[in-house]
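Chains as they are written, first to last, in my numbering: chain A, 165 to 550; chain B, 165 to 550; chain C, 165 to 550; chain D, 165 to 550.
In structure tokens form, the structure reads like this:
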């Protein structure tokens, strides 16, 4: 059972080195009362949403096979991950940072140097959900562009770059920071051509570029552009370790070797050098290798699920034109809470309905592979009928 | 001649205490080659645009009558000015600050306290022309609202106040700072009713309010509202001393006594406590007393001038609906540079023509009273004809 | 074997709830080549110095018994720990912080408020090893007192408090931060009476007090004063979770409820709210409960060890008058590297000899309980003889 | 009368260009009741301590001869002064700054760059009397060395440079800032050889050097080293304009052209670009040219005065080994307040007696030249006898 759901959840072949050392846990009396491991299908998560038993069990297996500890977030499995991500992103170097908030912050802080204006999206995580850290702690002026939009139009960029140089005290825009996909906008993504134009303009102007790619690894599935294609447009790239890759915490910040090298002290100054980071990230290397495949398979399954549901009266599936992992489901004839409650009985988790539209936001991720699609369809139909 | 132009420029009656000690300067051989004192009519200034000879001469006269020196910008004529402006603005206290840049900065810094978001107009001096001091030095996040507008719509204010509280790290908007009239927008003013609405909302929300009223004393002439009416909507008010009131530098920041008291150390920390401030501001007290009257008379004269010019073919005068000291003049049939050059020969100064419209921006101020209106009309017509 | 060393290392009785669910790991072929688990005796660590296999194994066992996950470092096992430490320290509340660097920083930042001078020991971690975070990021002026000393003399405190108020811009000392024991000074401790005097003076002056008690839980053994006695002298107390208590990362900051409450946003702003903190700290609650007893037993064993060694020619043990966990050993007639190397063959770890004195710094901790004292004595003698 | 005291006070020859245009003021009835101009002898000032009438009168005269106005502290007489001081100090460029507080601040801020530790004297103005601006606003860590001393010993410098690089987060000392003479230590001066050693070491280490030379121009008289000799040891030098040179405010900051160029925006950002600075500094150029000569003559007169007094019983004169403009006088047999009061009747100003020693601090400056030495001796003797 354990092995099966683990496989399904990760798309791992039985020959995986991780699994090779993974003995199924012995069922004890107390465990019999607990929910099964690795069986939940969740539409509110990016990754496998491992609970403490699941995670600790996998960490134990992995440690038996060998995990090299880091020391103050340097070396060991941390260094291995840094090297792996630098390679995946096509950058010279990468550094572990405990949170995305800090990764974005020290990236723009470092890139800005003496040019203290930073153009950001009005809807970005950095502008809305980071406690204004870049202003409060680093004295940067973050200029919020394009309210309501997932992209950053070149026209607005150019206008603010020019306006900044014409103040009585001329200011230079030092950095443009772009988040894509945008969490606050249902994970909608910026158009690649738009990004190319902004990047080309910025480089012409000597402005540095940062990519908040917390969920960057979802983009290729939807845009046809590789993560390296995106990363190449930016000087630095942040990717989350705990969203797609089942870390418990952590982020990667990748860029030029000279730039990243200088940030180790900054990370420590911010209190971001965990004495031992390995327990939260030792599984990441395993999952990152197969994420593209897992996510693609998850969408194949999800597409079948949504197609099947859409064929039933009362079910409507709405996709976003520039969407990535999220689409929307509405179900007529049943209260939202009843619907969610009945799915929960099938160990299927969905978010609450949106107050304005009544729709359920459905986030597609590899947990959808833990159950045959037909079983999921059946569960959804049953939940709708009561 | 000196006496006459000085009178005209200031609206002083002959019995003014200042004039009582003002002996006309002895004309010397070298002075004979210099332009006459106090005779220039300028459409590119807010005040009398005193040159060094004029200013030093008036300062000397004033000092003979007695100027009490300040000590590190405290006491003496500085304290007298602070008291005078507190009274004019209906505030408990006021403090001299050497520049408006610093006055705005320490006001919003102090008002913000721990609530580090500050809503400002995208077109404001604080956002565009202050080197991002509030972000760089005080770690505030200035959110620029309403690009292109002279006012600050309540709807945008409310949207950002609410959005700020809903970030993952809830942020409180601590201050709303409004500039009116707006220098970058040809001194256009915010509507009083709009200001009232924003002020009422802010106070309901516990948000503090700062008024960048560098040119506040021009507003009553155009809106029918007194400077105290404006000041009453805000916790702190900055007024420039060197624009309307013929100081050489300096600003006043007025507010509650407890708030202002705490700022003396801040001013000093910023290096803003001039060891002796009196030479730059000793004339201000004189001019502020009569500014409303001078400015009203200046507009009466200017209205006559513009009306007379508009009656001539080729001259077009354009006024702004929400304008204050500035209107626009266009003149057909003559090159802008010839026109300006010929006026200069009459000791009349105008700005260069705007590249986009060809118009001359005309700033109305008391220097227009230094010449009979008919003489000005004649000079303009002559300059147009060549 | 596993059980025995685990017991020895922790002083756990067999009836411990943790052990009750801890099945001994199945030895596999590959493990046979690995070093035994839980057997190392280390004189260079504060806690058990668990390696990745050991830690992951214990975490797995603990998770089987149930670990409640946190969410962004809030709730679950994090909240349980916070409550436990608040109780132990006699404070109203406590907050998890990922590193001691950040814990010290946000404590003094928060306590300082508008009074920006902070008195610290010249030898403290905050002043020397934190990248000047409090100055660079929070604009505090840290004044370093008493170079070379483990304490903070009241006379120096008073001198700087008074000097600060007499500058041309009077400054208020807002916080006194004291580290004890002091890492940089071989874990020497400040005298309790001295701390009492400084605390009384500070409170009289309205100055807030922070205790960097990374290793606070060692003090009672050496000073006879309880951790609550120390904590009562300070407004806030930081204690490390990964030094004595076998967390992999993390710190606790305890203080008044109102103060701690306000810091949750600060922690997040700094990027210090780990999405899931539990993997690094889920064992801490277990170890903290018995730390005092474990450490006392460790010193009983260490005292026997050092006494036995001191009875042999060539061995000299030097204790510090105000010392805590560290004393010094010198061994004649053998090279330092040979000595250390031979101990390593017994799975005993010691630090390199000090270049100046040739002494080995010996840090006493519960790993000393993993081996009978006689066995340790024998190993040391053997290592000295070669 | 005016002419005479002015001459005496400044050592001006009658052919001075300034005087050539300076007509004596017409005595009016109201002036008859006022104290004479330019007659006060003061031992509590650095310069001539001009009152408002005196200053305004000289400014008026100077303006008649021509003062070129600055615009936002750029150009005109400001640029002339900048060029003059750059030349006197042997630096490529110089910039006017309104206060010494700001001059020191932006110098160390700019020199520090990314190396945020700044070594300062514990007794320096920057550390004690500037509101901790460098920490609060620029996030620098100012490390206070050598409490109680006027110099900065190389040993302490080296110790802190090395200690800083060995923290867990290595910090680089970016700047060493030295004040000499030291205002808080009775204007005692640092030894030139000591300065040379510190400068050589700093340059070897890549550490930048700033000289707070507010009263630098007094040093040559006492050390035999020229102002350029001092300036050559430092990257930047600040000199006060209002202490020796009878400005009303203002400072000069001199250094490399590239460095100074970048500071114009910084000055403006800080609110330190006065719209018109000329009224406070238009006399400075005149006085700076003859300061060395005036100060030397003042000391010749003072030496005669003190020698004469020391020959009378009850008078004791105490000089400081490393003193500059200040020595101390004690007078037996008369109360301090009576003594000061009686001198005031002779228009001679002295400071209050020191509570600890009963001595009067006597600051020597060119006002001592306004009265024949014999007259001063007589006045002092009379004041002592009552």
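We put the beta carbon where it would ideally sit given N, CA and C, even for glycine.
Query raised in the report: Rounded C-beta distance between residue 254 of chain B and residue 367 of chain B? I'm assuming under 8 Å.
Result: In fact, because the Cβ distance is near 16 Å, the residues do not count as touching under 8 Å.
Query raised in the report: Name the chain D residues that come within less than 9 Å of residue 334 of chain A, Cβ to Cβ?
Result: Ordered by position in chain D, the residues that pass the 9 Å Cβ test against residue 334 of chain A are 429.
Query raised in the report: At a Cβ cut of 7 Å, what residues of the segment 387-420 of chain C count as close to chain D, listed as they run along the chain?
Result: So nothing in the stretch comes that close.
Query raised in the report: How would you list, in chain order, the residues of chain C whose beta-carbon sits under 9 Å from the beta-carbon of residue 432 of chain B?
Result: Going along chain C in sequence order, the residues near residue 432 of chain B (Cβ under 9 Å) are 332 and 333.
Query raised in the report: Looking at the C-beta of residue 293 of chain B, does it have a partner C-beta in chain A at a distance below 8 Å?
Result: Yes, residue 293 of chain B counts as interfacial toward chain A.
Requested in this report: Return the chain-ordered list of same chain residues with a C-beta closer than 8 Å to the C-beta of residue 291 of chain C, the five sequence neighbours on each side being excluded.
Outcome: A distance below 8 Å between beta-carbons, with the five flanking residues on each side excluded, links residue 291 of chain C to the following residues of its chain, in chain order: 284, 285, 306 and 308.
Query raised in the report: How would you label residue 324 of chain D, buried or exposed, when you count the other beta carbons within 10 angstroms and need 16 or more for buried?
Result: With 16 or more Cβ atoms within 10 Å of its Cβ, residue 324 of chain D is classed as buried.
Query raised in the report: Shorter than 8 Å from the beta carbon of residue 219 of chain C to some beta carbon of chain A?
Result: Between residue 219 of chain C and chain A, the shortest Cβ-Cβ separation is below 8 Å.
Report task. Kindly list the residues whose CB is nearer than 8 Å to the CB of residue 539 of chain C, restricted to its own chain and excluding five residues on each side of it in sequence; keep chain order. Result -> Around residue 539 of chain C: no qualifying Cβ.
Query raised in the report: Distance, Cα to Cα, residue 467 of chain C vs residue 211 of chain C?
Result: If you take the alpha carbons of residue 467 of chain C and residue 211 of chain C, they lie about 18 Å apart.
**Report entry** Residues from the segment 298-317 of chain B in contact with chain A, defined by Cβ distance under 9 Å
**Finding:** From the segment 298-317 of chain B, only 298, 299, 300, 301, 302, 303, 304, 305, 306, 307, 308 and 311 have a Cβ closer than 9 Å to chain A.
Report task. Rounded to whole angstroms, what's the CA-CA distance from residue 469 of chain D to residue 271 of chain B? Just pull it up for me. Result -> So the alpha carbons of these two residues sit roughly 51 Å apart.
Query raised in the report: Using a Cβ-Cβ distance under 8 Å, would residue 233 of chain B count as near chain D?
Result: Output row for residue 233 of chain B: interface = yes.
Report task. Could you spell out the range, first to last residue, of the beta strand (DSSP E) harbouring residue 413 of chain A? Result -> For residue 413 of chain A, no beta strand (DSSP E) run applies, since DSSP gives it neither H nor E.
Query raised in the report: Looking only at its own chain, which residues have a Cβ that is under 7 Å from the Cβ of residue 390 of chain C, when we skip the five neighbours before and after it?
Result: Only 384 meet the Cβ criterion.
Query raised in the report: Taking only beta-carbon atoms, is residue 324 of chain A less than 8 Å away from chain C?
Result: Using beta-carbon distances, residue 324 of chain A does not count as an interface residue toward chain C, since no partner is under 8 Å.
Query raised in the report: What do you get for residue 235 of chain A, buried or exposed, if any count of 16 or more other CB atoms within 10 angstroms of its CB means buried?
Result: By the 10 Å Cβ count, residue 235 of chain A comes out exposed.
Report task. Determine the closest residue to residue 459 of chain D out of D:476, D:408 and D:491, with distance taken between C-alpha atoms. Result -> Looking at the Cα atoms, D:408 is the closest of the given residues.
Query raised in the report: Between residue 455 of chain D and residue 381 of chain D, what straight-line distance do the alpha-carbon atoms span, to the nearest angstrom?
Result: Looking at the two C-alpha atoms, the distance is approximately 8 Å.
Query raised in the report: Roughly how many angstroms separate the alpha carbons of residue 421 of chain B and residue 256 of chain B, rounded to a whole number?
Result: Near 5 Å, if we compare the C-alpha coordinates of residue 256 of chain B and residue 421 of chain B.
**Report entry** Alpha-carbon spacing of residue 424 of chain D relative to residue 334 of chain A, whole angstroms
**Finding:** About 16 Å.
**Report entry** the segment 434-453 of chain B / the segment 500-510 of chain B touching (three or more Cβ pairs under 8 Å)
**Finding:** The segment 434-453 of chain B makes no contact with the segment 500-510 of chain B, as fewer than three CB pairs between them are under 8 Å.
Query - Contacts around residue 315 of chain B, its chain only, beta-carbon distance under 7 Å, and the 5 residues preceding and following it disregarded - result: Cβ neighbours of residue 315 of chain B beyond the five flanking positions: 354, 355 and 358.
Query - Contact set for residue 549 of chain B: own chain, Cβ-Cβ below 8 Å, skip 5 residues either direction - result: Result list for residue 549 of chain B: 498, in chain order.
Report task. Tell me whether residue 217 of chain A is buried or exposed, calling it buried when 16 or more other Cβ atoms sit within 10 Å of its Cβ. Result -> By the Cβ-count criterion, residue 217 of chain A is buried, with 16 or more other Cβ atoms from all chains shown falling within 10 Å of its own Cβ.
Query raised in the report: residue 491 of chain C bridges to which residues according to DSSP?
Result: In DSSP, residue 491 of chain C forms a bridge with C:526.
**Report entry** residue 412 of chain C versus residue 513 of chain C - alpha carbon distance
**Finding:** Roughly 20 Å separates the two Cα atoms.
Query raised in the report: Taking Cβ-Cβ distances shorter than 8 Å, what residues in chain B pair up with residue 508 of chain D?
Result: Simply none; closest approach about 18 Å.
Query raised in the report: Among residues of its own chain, excluding the 5 on either side of residue 349 of chain C, which ones have a beta-carbon nearer than 7 Å to its beta-carbon?
Result: Cβ within range, chain order: 287 and 314.
Query - Coil, strand or helix - residue 210 of chain C by DSSP - result: Coil, per DSSP.
Query - Spatial distance of residue 239 of chain A from residue 449 of chain A (CA atoms) - result: If you draw a straight line from the Cα of residue 239 of chain A to the Cα of residue 449 of chain A, it comes to about 14 Å.
Requested in this report: Sort A:249, A:387 and A:296 by Cα distance to residue 484 of chain A and report the nearest one.
Outcome: It is A:387 whose Cα lies nearest to the Cα of residue 484 of chain A.
Query raised in the report: Using the beta-carbon count (16 or more within 10 Å), is residue 246 of chain A buried or exposed?
Result: Around the beta-carbon of residue 246 of chain A, 16 or more other beta-carbon atoms lie within 10 Å, marking it buried.
Query raised in the report: Which residues of chain C have a Cβ atom closer than 7 Å to the Cβ of residue 296 of chain D, listed in chain order?
Result: What residue 296 of chain D touches in chain C: 280, 281, 305 and 335.
Query raised in the report: Do you know offhand how far residue 326 of chain A's Cα is from residue 312 of chain B's?
Result: Those two C-alpha atoms are separated by around 15 Å.
Requested in this report: Decide if residue 343 of chain A is buried, meaning its Cβ has at least 16 other Cβ atoms within 10 Å, or exposed.
Outcome: Result: buried.
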